[in-house]
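Each remark here refers to the structure printed beneath this line.
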Amino acid sequence: MKINKRLKTIGDLVPLSTYPLDIGCDHALLSIYLVKEKHLSKAVASDNKSGPLKKADENVKYYKVEDKVKLIQKEGLNSYQEGIDTVTISGMGGLNINKIIDDNKKYLKSINTFILSPNNYSLVVKRKLTKYGYHISEERLVKENNIIYEVIVFSKGRRYYSYKKLFLGPVLMTKKDMLTKEYYEKLLDTKKALLKALPSSLRNKINITKKEIKYLMDVLKD
Numbered sequence: 000m001k002i003n004k005r006l007k008t009i010g011d012l013v014p015l016s017t018y019p020l021d022i023g024c025d026h027a028l029l030s031i032y033l034v035k036e037k038h039l040s041k042a043v044a045s046d047n048k049s050g051p052l053k054k055a056d057e058n059v060k061y062y063k064v065e066d067k068v069k070l071i072q073k074e075g076l077n078s079y080q081e082g083i084d085t086v087t088i089s090g091m092g093g094l095n096i097n098k099i100i101d102d103n104k105k106y107l108k109s110i111n112t113f114i115l116s117p118n119n120y121s122l123v124v125k126r127k128l129t130k131y132g133y134h135i136s137e138e139r140l141v142k143e144n145n146i147i148y149e150v151i152v153f154s155k156g157r158r159y160y161s162y163k164k165l166f167l168g169p170v171l172m173t174k175k176d177m178l179t180k181e182y183y184e185k186l187l188d189t190k191k192a193l194l195k196a197l198p199s200s201l202r203n204k205i206n207i208t209k210k211e212i213k214y215l216m217d218v219l220k221d
């Protein structure tokens, strides 16, 4: 089946013996990929809008996986079902992801793995999940339509990270491939532009941005 690189990367990181929930599933292609290509026994795909779920229903029927993919129209983790232990979210802002987690903290005890690909504010997502007792077990980058997306795997188990490690990504900063280099270079350009634009009254933000620029320059030198 055809699936974009970002969703395939997320799907390939989902543990094989798991019961996954995809929040904000859009057309349910990730859940279909998991049961059809990765041979998971079942999956849940949820969205808070009826339009995407109508298309999702068409896709589930087209791929003949009605007995394996359950579609739910609910907000965030309100779509949680008994036994779900992996949650995937992609194509959503980091602040929205954090709200989804904060709104239903009661389910965290049952969720062993989060696989998240925020469109922005990935640092605040990393801080939130590590605060709630998860560590970053894998980080991947995917480039589509000239945009580089992060895919972050959070596994249960508390670990301490310095600001530098959370900002750069504790796994990502150990990788030396060209896409990682390009990602850091683009982030460095963004931070330099931000530093120029910041008013002098925002001393704390200026100091943090200078620190982040140094981290990026150091990792690019290694």
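Counting from 0, one number per residue, gives the positions in the sequence shown under numbering that gives the first Met the number 0.
By construction, the Cβ of each residue, glycine as well, lies at the ideal position given by its N, Cα and C atoms.
Determine the extent of the alpha helix (DSSP H) in which residue i is found, giving its start and end residues.
i: alanine 55; result: 49-61
i: tyrosine 214; result: 202-220
i: isoleucine 9; result: 4-12
Would you tell me roughly how many angstroms separate the C-alpha atoms of residue i and residue j, rounded to the nearest one?
i: valine 124; j: arginine 158; result: 15 Å
i: glutamate 81; j: valine 34; result: 18 Å
i: glycine 10; j: proline 198; result: 43 Å
i: histidine 222; j: isoleucine 88; result: In this structure the chain extends from 0 to 221, so residue 222 is not present and cannot be described.
i: threonine 17; j: lysine 180; result: 33 Å
i: valine 152; j: valine 170; result: 10 Å
i: isoleucine 31; j: asparagine 206; result: 46 Å
i: serine 49; j: aspartate 176; result: 41 Å
i: histidine 38; j: glycine 23; result: 22 Å
i: asparagine 3; j: glycine 156; result: 31 Å
i: asparagine 77; j: threonine 208; result: 37 Å
i: aspartate 188; j: glutamate 211; result: 11 Å
i: lysine 41; j: glycine 93; result: 27 Å
i: tyrosine 62; j: leucine 178; result: 33 Å
i: lysine 1; j: arginine 139; result: 20 Å
i: serine 136; j: valine 150; result: 11 Å
i: aspartate 66; j: lysine 105; result: 28 Å
i: lysine 190; j: lysine 204; result: 11 Å
i: alanine 44; j: aspartate 217; result: 41 Å
i: leucine 15; j: leucine 29; result: 14 Å
Relative to the C-alpha of residue i, which residue among the options is closest?
i: threonine 8; options: Lys104, Lys142, Leu167; result: Lys142
i: serine 116; options: Asp102, Gly132, Lys108, Ile146; result: Ile146
i: isoleucine 83; options: Tyr62, Ser109, Lys63, Lys69; result: Ser109
i: asparagine 103; options: Tyr79, Asn119, Ile88; result: Tyr79
i: serine 161; options: Lys174, Lys130, Arg139, Tyr183; result: Lys130
i: aspartate 221; options: Tyr183, Asp188, Lys204, Lys190; result: Tyr183
i: lysine 90; options: Ser136, Arg202, Ile114; result: According to the sequence provided, residue 90 is glycine. The question's lysine does not apply to it. Looking at the Cα atoms, Ile114 is the closest of the given residues.
i: leucine 219; options: Asn203, Thr173, Asp25; result: Thr173
i: leucine 215; options: Val68, Ser40, Lys185; result: Lys185
i: aspartate 25; options: Val13, Glu57, Glu36, Lys41; result: Glu57
i: threonine 85; options: Glu65, Asn111, Leu28; result: Asn111
i: arginine 126; options: Lys105, Pro19, Val68, Ile100; result: Ile100
Does the beta-carbon of residue i, which I'm using as the reference point, lie nearer than 7 Å to any heavy atom of the ligand PLP?
i: glutamate 149; result: Ligands in the displayed structure: none, and consequently the ligand PLP is not present.
3 or more residues per run - each beta strand (DSSP E) lying fully within the region 55-106:
68-72, 85-91
Is the number of C-beta pairs between the region 154-171 and the region 193-203 that are closer than 8 Å three or more?
no
In the region 106-178, which residue ranges form an unbroken beta strand (DSSP E) of at least 3 residues, counting only runs that do not cross its ends?
112-117, 133-143, 146-155
Contained beta strand (DSSP E) runs [length at least 3] in the region 23-51, N- to C-terminal order:
42-46
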